[in-house]
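Contents: one structure, followed by commentary.
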Amino acid sequence: MLYILDTSSILSGIFFEGRKATTPGVIGEIKPGGHSWRLLEFMRNSGLEIISPPEEALGEVKKAAKRTGDYANLSEVDMEVIALAYYKKGLLLTDDYSMQNVARELGLDYKGIMEEGIKEKFYWIYRCRNCGKIFEEFYEECPVCGGVLKRIRKVK
Ligand SMILES: [Zn+2]
């Protein structure tokens, strides 16, 4: 199973175990330096691939989006993400109804992030609010800097 993550999937803070990929456009939407960026770095370190879908795949997505009437509701980045799911035959993770609609039109598998989160077993990892380091187990304070740890749901 290859998960295809849109921007909101990454910002959800849910860690999807297994193969996962996103597009360069999604990376461009995440502000460098903030904690979303650290989460992104953590996901990249644990195998998040960044792949540009081919033009033909993007063309198919645009045609499908025009058929369903979702074209105006979708950004270039949204369509790039759908095109990657189409190209890689991955499971698209998004809560965006227009993206889901176009995925359905193309016969792709998709899931809402929350739905996926509820169905799958999950456990917690912990991220320091101060330095951004991530730990598998809870500590009263960050072993690196003494900061407060925040819980993050991690999907198995
Ligand atoms: Zn810390």
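Its first residue numbered 0, the sequence shown is counted upward by one per residue in numbering that gives the first Met the number 0.
All residues carry an ideal CB built from backbone N, CA and C; glycine is no exception.
Remember, predicted model here, so these are calculated numbers, not experimental data.
- Item | Neighbouring residues (CB closer than 6 Å to any heavy atom of ligand 1) | In chain order, the hits are Cys127, Asn129, Cys130, Lys132, Cys141, Val143, Cys144 and Gly146.
- Query: Looking only at DSSP bridge pairs, what is tryptophan 36 linked to?
  - Reply: Under DSSP, no beta-bridge partner is assigned to tryptophan 36.
- Item | Three-state secondary structure (DSSP) of glutamate 140 | Note: glutamate 140 maps to coil in three-state DSSP.
- Pull up the CB-CB distance for glycine 146 and asparagine 129, whole angstroms please, since I reckon it's below 8 Å. About 3 Å; that satisfies the 8 Å criterion.
- Message: Could you compute how far the alpha carbon of leucine 91 sits from the alpha carbon of glutamine 99?
- Response: Whole-angstrom Cα-Cα distance: 8 Å.
- Kindly list the residues whose CB is nearer than 7 Å to the CB of isoleucine 117, restricted to its own chain and excluding five residues on each side of it in sequence; keep chain order. Residue confidence for isoleucine 117 is low, a pLDDT of 46 falling below 50, so the modelled location carries little weight; the figure read from the coordinates is stated next. Cβ neighbours of isoleucine 117 beyond the five flanking positions: none.
- Using DSSP bridges, identify the partner residues of glutamate 54. Beta-bridge pairing links glutamate 54 to no other residue.
- Since cysteine 127 sits in a beta bridge, which residues does DSSP pair it with? Leu148.
- Ignore the nearest five residues each way along the sequence and tell me which others in serine 8's own chain have a CB closer than 7 Å to its CB. Taking serine 8 as the centre and dropping the five residues before and after it, the same chain places the C-beta of Leu92, Thr93 and Ile112 closer than 7 Å to its C-beta, in chain order.
- Quick one, are the C-beta atoms of alanine 63 and valine 25 less than 7 Å apart? No. Outside cutoff.
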